[in-house]
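Reviewing the structure listed below.
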Amino acid sequence: MKKVDLYNVLISPVITEKSNTAAEKLEQVVFKVLPSATKCDIKKAFELVFEAKVAKVSTVSIKGKTKRFGRVEGRRADYKKAYICLEKGQNFDLASHQK
796 MKKVDLYNVL ISPVITEKSN TAAEKLEQVV FKVLPSATKC DIKKAFELVF EAKVAKVSTV
856 SIKGKTKRFG RVEGRRADYK KAYICLEKGQ NFDLASHQK
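Each residue of the sequence shown is one higher than the one before, starting from 796 at the first, in the numbering used here.
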């Protein structure tokens, strides 16, 4: 991918209890990413944007739920999550990278 495209791979961080536990115990960071992004693209994008070394990337594709709004049925969008495992000695603080 081009350098410009790599900036669009990472959509948003996932901030939940499960992701905070993964960050503390396993030194992992969880991000919502483009559904078409590969593990190599995610690794390159994270290293480019946050300047931290990545050891491993695991991805999970999540299917959207079907929801009802009265009589109208709707569906949430499908998305992909990436669990990014940092190398030993690397730290990542999301608050210090916000604008």
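Even for Gly, the Cβ is constructed at its ideal location relative to N, Cα and C.
- One Cα belongs to Glu868, the other to Lys860, and the distance between them is close to 11 angstroms.
- Between the alpha carbons of Tyr802 and Leu843 lies a distance of about 8 angstroms.
- Judged by their CB atoms, Lys875 and Thr854 are nearer to each other than the 9 angstroms cut-off.
- Beta-carbon to beta-carbon, Ile879 and Val852 are separated by about 6 angstroms, close enough to satisfy the 8 angstroms threshold.
- Within the DSSP secondary-structure output, Arg866 pairs in no beta bridge.
- For Ile857, the closest of Asp888, Glu822 and Lys827 by C-alpha to C-alpha distance is Lys827.
- Around the beta-carbon of Leu889, fewer than 16 other beta-carbon atoms lie within 10 Å, marking it exposed.
- Thr833 sits in coil when the DSSP states are folded into three classes, being neither helix nor strand.
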